[in-house]
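Notes for the one structure printed next.
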């Protein structure tokens, strides 16, 4: 199931947004805002590139038929591999979100791009749940959770940069 989300950071450069989304404290704050029971954030830098790894335990806020399959909580690992910026500051990350121990997750890209005086963060991905007969019923629930987390992070990031 395809997802596509965009957030506009008004009057912010890609470098400012990149600094924010590769800040361990900010990403930890976002984990708390999405009600993670526990979380760990690690950012590894190599020159102008960065890998962000977020591990969190989340309550299973999905229909009962999904909870029966996965339990009351799920462990989620998110890895973003950000490449170097181009001349304008635009950059792209490969994104991999996996529900640990389950055949479910999302793979896609995040892109920071200049748009006039603003920066836009685009997230495009493919949510997949590889369970025969049930996967297509569960994918929309997983997609909702992923999109919700993206929106919370964007809202918090926009507010943080305006402060």
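Numbering (our numbering), first residue to last: 20 to 182.
Note that beta-carbon positions come from the ideal geometry of N, C-alpha and C, so glycine has one too.
Note that the structure is a prediction, hence the values are computed from the model and not measured.
DSSP places residue 80 in the coil class of the three-state scheme, outside both helix and strand. The alpha-carbon separation between residue 69 and residue 130 amounts to approximately 14 angstroms.
Here the stretch 166 to 173 makes no contact with the stretch 103 to 111; the two share fewer than three CB pairs at distances below 8 angstroms.
Within the same chain, 39 come within 6 angstroms of residue 176 by CB-CB distance, once the 5 residues on both sides are set aside. Pairing residue 162 with residue 155, the inter-Cα distance amounts to about 11 angstroms.
For residue 133, same chain residues with a beta-carbon under 7 angstroms away, outside a window of 5 residues either side, are 33, 107, 108 and 109 in chain order. In the structure shown, the three-state DSSP call for residue 141 is strand. Closest in alpha carbon position to residue 29, among 139, 116 and 103, is 139. The beta-carbon separation of residue 166 and residue 24, rounded to 6 angstroms, stays under the 8 angstroms limit for a contact.
As the crow flies, the alpha-carbon of residue 56 is around 9 angstroms from that of residue 50. The beta carbon of residue 93 is closer than 6 angstroms to those of 77, 79 and 118 in its chain, skipping five residues each way along the sequence. The distance from the Cβ of residue 22 to that of residue 124 is about 12 angstroms, inconsistent with a contact at the 8 angstroms cut-off.
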